[in-house]
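Q:
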Amino acid sequence: MRTLNSAALRTHKYAALLALLLVFLAIQSFDARLGASRILSDAFRAMLGMAILVVVFERQRERAVMGVIFAAAVAIAWGGRHVFGANLDNVRSIALSALMSLFAAAAVWVILRDLFHEKAVGVENVLGAICGYLIASEAWAGANEIAYIVVPSAYSINPETGVLLADWHGRHALFSYYGFAQMLTIGYSDVTPVRAPATTLSLFGALFGIFYTAVVVSQLVGLAQSRKRSPDNQ
1082 MRTLNSAALR THKYAALLAL LLVFLAIQSF DARLGASRIL SDAFRAMLGM AILVVVFERQ
1142 RERAVMGVIF AAAVAIAWGG RHVFGANLDN VRSIALSALM SLFAAAAVWV ILRDLFHEKA
1202 VGVENVLGAI CGYLIASEAW AGANEIAYIV VPSAYSINPE TGVLLADWHG RHALFSYYGF
1262 AQMLTIGYSD VTPVRAPATT LSLFGALFGI FYTAVVVSQL VGLAQSRKRS PDNQ
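Reading the sequence shown from the start, the letters are residues 1082 to 1315 in the numbering used here.
Right, dumping it as structure tokens:
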């Protein structure tokens, strides 16, 4: 029974990860806007990171390296905000954002690499691609957070929205929201890049979003057509 359950979980690993990602996005949004428990948000973030570590990084060496990066991020986050009871200063915020961005970017790269090694398309391939897109927003959020800390004047932020910048939770939620706007190339007036490095990140974020969608869709279409032409489907 245990083996059967493990096999089922492995088969539907990206479905489970996608569900966690969607719940996390909802929790993060409410945490920033409605003042929900930050401990709950951080605990769920840690659980999501562990899920990404297990689901995405299947190769032993990759999992070991990413595990060290993830552990360092958790140590900074929980040590600074809960153990010592203080908000993160700029140095620790930059370190945390850099580690989280690196972890997310590596996860997206592995998802795409594995997708391009697949020989047949299925529902899990599609769900994996969607997970990669959602995880990518965390990478862009981290990059924009670092840019904001280093050069605050590079962004024009609506004063009503700017209240979220007072602590790490609010700032991360705001730039996660902005990261999606970058990748979707839709833009919002809440956060506007006015000069480098914000404009540079906005440009590359838009290019990434466009090419990610185009490349993943073309790959999935190619896999589907290849599957139809295979002898088993004749």
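By construction, the Cβ of each residue, glycine as well, lies at the ideal position given by its N, Cα and C atoms.
Predicted, not measured: the structure shown is a model, and the values here were computed from it.
Given V1164, which residues of its chain have a CB within under 8 angstroms of its CB, disregarding the five upstream and five downstream residues?
A: Only weak support is given to the placement of V1164: the predicted model assigns it a pLDDT of 49, under 50, and the question is left unresolved by the model.
Q: Assuming Q1263 and A1287 form a contact by the criterion Cβ under 8 angstroms, report the distance between their Cβ atoms to the nearest whole angstrom.
A: Indeed they touch by this definition, with Cβ atoms about 6 angstroms apart.
Q: Touch check for the stretch 1278-1285 and the stretch 1293-1303: three-plus C-beta pairs under 8 angstroms?
A: Cβ pair count under 8 angstroms is below three, so no.
Q: I believe S1237 touches T1273 by the beta-carbon criterion, under 8 angstroms. Please report the beta-carbon distance rounded to the nearest angstrom.
A: Right, the Cβ-Cβ distance comes to about 4 angstroms (below 8 angstroms), so this counts as a contact.
Q: Can you say whether M1128 is buried or exposed, counting buried as having 16 or more other CB atoms within 10 angstroms of its CB?
A: Per the 10 Å Cβ criterion, exposed.
Q: Can you look up T1294 in the DSSP assignment and give me helix, strand or coil?
A: Looking at T1294 - three-state DSSP - the assignment turns out to be helix.
Q: With burial defined as no fewer than 16 other Cβ atoms inside 10 Å of the residue's Cβ, what is the status of L1245: buried or exposed?
A: Looking at its Cβ environment, which holds 16 or more other Cβ atoms inside 10 Å, L1245 is buried.
Q: Whole angstroms are fine: how far does the CA of R1173 sit from the CA of K1094?
A: K1094 and R1173: Cα-Cα distance of roughly 33 angstroms.
Q: Keeping to the same chain, check which residues put their C-beta closer than 7 angstroms to that of L1134; ignore five residues upstream and five downstream.
A: Closer than 7 angstroms at Cβ, skipping near neighbours: R1144, M1147, G1148, F1151.
Q: Take Y1229 and list the residues in its own chain whose beta-carbon comes closer than 6 angstroms to its own, dropping the five residues that flank it on each side.
A: Answer for Y1229: Y1236, listed in chain order.
Q: Let me check understanding here. Comparing Cα to Cα, which of E1205, F1197, L1193 lies closest to Y1214?
A: Of the listed residues, the one whose Cα sits closest to Y1214 is L1193.
Q: Can you tell me the Cα-Cα spacing of S1257 and P1233, whole angstroms?
A: Computed Cα separation, rounded: 17 angstroms.
Q: At the level of alpha carbons, what is the spacing between A1156 and F1138?
A: For A1156 and F1138, the distance between alpha carbons rounds to 20 angstroms.
Q: Mapping DSSP to helix, strand and coil, what is V1137?
A: V1137 falls in the coil class under three-state DSSP.
Q: According to DSSP, simplified to helix, strand and coil, what is T1273?
A: T1273: strand per DSSP, three-state reduction.
Q: Measuring alpha carbon to alpha carbon, tell me which residue in E1219, A1154, M1131, R1140 is nearest Q1109.
A: Of the listed residues, the one whose Cα sits closest to Q1109 is E1219.
Q: Of the residues V1298, F1289, I1211, which one's Cα is nearest the Cα of L1102?
A: Closest option to L1102, Cα to Cα, is I1211.
Q: I'd like to know whether the C-beta atoms of A1254 and I1216 end up nearer to each other than 8 angstroms.
A: Contact: no.
Q: If the criterion is Cβ atoms closer than 8 angstroms, does the pair L1183 and A1158 meet it?
A: Not closer than 8 angstroms, so no.
Q: Just list the residues that DSSP pairs Y1236 with in beta bridges.
A: Bridge partners of Y1236: P1274.
Q: Whose CA, out of F1289, E1205, N1239, lies closest to the CA of G1260?
A: Among F1289, E1205, N1239, the Cα nearest to that of G1260 is on F1289.
Q: In the DSSP assignment, the alpha helix (DSSP H) including A1247 goes from what residue to what residue?
A: Here A1247 belongs to no alpha helix (DSSP H), and DSSP marks it neither H nor E.
Q: Roughly how many whole angstroms lie between the Cα atoms of R1114 and V1189?
A: Low local confidence applies: a pLDDT of 48 at R1114 is under 50, so the model's placement there is unreliable, and no value is given.
Q: Whole angstroms is fine: what's the gap from A1117's alpha carbon to L1282's?
A: Confidence is the limiting factor: at A1117 the pLDDT is only 48, short of 50, which leaves the residue's position unreliable and the question unanswerable from this model.
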